[in-house]
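This report concerns only the one structure given below.
2 protein chains.
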Amino acid sequence: MQEAEKYSRYSFLLDKTARRVKQYAKQRFRELGWTITIDQWAVLKQLYDKGELNQRELASNTFKDHPTMTRIIDLLKTKELIERKPHPGDRRSFMIALTTGGKTMVEECLPEVQKIRMKAWDNLSEKDFQEFKRILESIHQNLS
Amino acid sequence: MQEAEKYSRYSFLLDKTARRVKQYAKQRFRELGWTITIDQWAVLKQLYDKGELNQRELASNTFKDHPTMTRIIDLLKTKELIERKPHPGDRRSFMIALTTGGKTMVEECLPEVQKIRMKAWDNLSEKDFQEFKRILESIHQNLS
DNA sequence: TTAATTTTGTTGCTATACTAATAATTAATA
DNA sequence: TATTAATTATTAGTATAGCAACAAAATTAA
Chain A
1 MQEAEKYSRY SFLLDKTARR VKQYAKQRFR ELGWTITIDQ WAVLKQLYDK
51 GELNQRELAS NTFKDHPTMT RIIDLLKTKE LIERKPHPGD RRSFMIALTT
101 GGKTMVEECL PEVQKIRMKA WDNLSEKDFQ EFKRILESIH QNLS
Chain B
1 MQEAEKYSRY SFLLDKTARR VKQYAKQRFR ELGWTITIDQ WAVLKQLYDK
51 GELNQRELAS NTFKDHPTMT RIIDLLKTKE LIERKPHPGD RRSFMIALTT
101 GGKTMVEECL PEVQKIRMKA WDNLSEKDFQ EFKRILESIH QNLS
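Here the protein sequences line up with chains A and B, keeping their order.
Note that the first sequence covers residues 1 to 144 in this note's numbering.
Note that the second sequence covers residues 1 to 144 in this note's numbering.
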């Protein structure tokens, strides 16, 4: 393999694998009859773990841009899993909070989500995890 | 960190990094004034390396689904970088071929694309590449 | 050879991703 | 204070990404 081409191939493999992981999760969500997507799940989980956040914080934590977050929030609101509450000190902003239904949903889905996530890591060791994490963070760093 | 949560975090990191790599390439393409996307590039490069292919083969090689490939091909055709030629032995199928303009474009862009791709891998060693490749392939395998 | 099945590609629908432009509000500064 | 700049969120437009349903053609089976 040509040296210069190698990097393209690794980039492609990264993209391909990330897509597969996402697709697998999507497929499992469907099979479980869940009405949310993986990206919507990530927002619900954030709110479950950290409490009320505004859209900027949610976008920042999930590394999504603001328009994308607006739309995810809209969809979750339609499903009555979250609510937009006025921000006490800033009229531009909303505090996003889980509804009771949203909280219940997170608690019910969490174990299954963890199973879905673990599936990807079969036959990989703790050391692999550490290496993988280090390399991904290095790549992300290089492009920031 | 809880053990079960760890896997979700690695999945997130994988997704986040893959998005960053794609976003970086997209941004550089724009800065260079190129009118194609990264995914369109991948198709052009395939055709450049392997000659004429049908849409099924292109989709399979890039791990994209058929509808997505149809749309990418449509856009590349509009830009007159590729052409759909009738398949000699199968009237359902097209042979997709680079136009002269498409071939020129690949040759002009290739060095810069390689630079863009290499940027991600600064400060990573040959051993890192091998580990990374092994782990990604293992993950992909686990979900197939 | 007819009928059933598979393959190839398209269209429609929903959701993310990114850019640009905009509105409303808040913060900074002259 | 008045003006300017920055922040928060939205809307619009384009491009993947995936699923389902479909049409046309080719292949297989009866």
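Note that beta-carbon positions come from the ideal geometry of N, C-alpha and C, so glycine has one too.
This structure is a prediction, so every number in the text was calculated from the model and none was measured.
Rounded C-alpha distance that separates residue i from residue j
i: residue 11 (chain B); j: residue 5 (chain B); result: 10 Å
i: residue 123 (chain A); j: residue 20 (chain A); result: 17 Å
i: residue 100 (chain B); j: residue 61 (chain B); result: 23 Å
i: residue 119 (chain A); j: residue 90 (chain B); result: 40 Å
i: residue 40 (chain A); j: residue 73 (chain A); result: 8 Å
i: residue 47 (chain B); j: residue 15 (chain B); result: 28 Å
i: residue 103 (chain A); j: residue 81 (chain A); result: 8 Å
i: residue 33 (chain B); j: residue 108 (chain A); result: 48 Å
i: residue 84 (chain B); j: residue 130 (chain A); result: 47 Å
i: residue 105 (chain A); j: residue 98 (chain A); result: 10 Å
i: residue 132 (chain A); j: residue 133 (chain B); result: 10 Å
i: residue 125 (chain A); j: residue 137 (chain B); result: 14 Å
i: residue 96 (chain B); j: residue 96 (chain A); result: 48 Å
i: residue 69 (chain A); j: residue 142 (chain A); result: 25 Å
i: residue 35 (chain B); j: residue 110 (chain A); result: 43 Å
i: residue 3 (chain A); j: residue 121 (chain B); result: 13 Å
i: residue 7 (chain A); j: residue 49 (chain A); result: 37 Å
i: residue 71 (chain A); j: residue 71 (chain B); result: 24 Å
i: residue 64 (chain A); j: residue 64 (chain B); result: 23 Å
Cβ-based neighbour list, residue i, same chain, cut-off 8 Å, excluding 5 preceding and 5 following
i: residue 66 (chain B); result: 55, 56 and 59
i: residue 93 (chain B); result: 54, 55, 56 and 87
i: residue 42 (chain A); result: 62
i: residue 13 (chain B); result: none
Same chain only: Cβ atoms within 7 Å of residue i, ignoring 5 sequence neighbours per side
i: residue 75 (chain B); result: 40
i: residue 51 (chain A); result: none
i: residue 139 (chain A); result: none
i: residue 112 (chain A); result: 32
Residue i burial status per 10 Å Cβ neighbour count (16 or more: buried)
i: residue 78 (chain A); result: exposed
i: residue 45 (chain B); result: buried
i: residue 115 (chain A); result: exposed
i: residue 17 (chain B); result: buried
Which listed residue (the options) has its alpha carbon closest to that of residue i
i: residue 127 (chain A); options: B:33, B:135 and B:144; result: B:135
i: residue 29 (chain A); options: A:142, A:117, A:140 and A:121; result: A:117
i: residue 38 (chain B); options: B:49, B:26 and B:31; result: B:26
i: residue 144 (chain B); options: A:23, A:141 and A:63; result: A:23
Contact test: residue i Cβ vs the ligand NAP heavy atom, cutoff 8 Å
i: residue 31 (chain B); result: The ligand NAP is not part of the structure shown, which contains no ligands of any sort.
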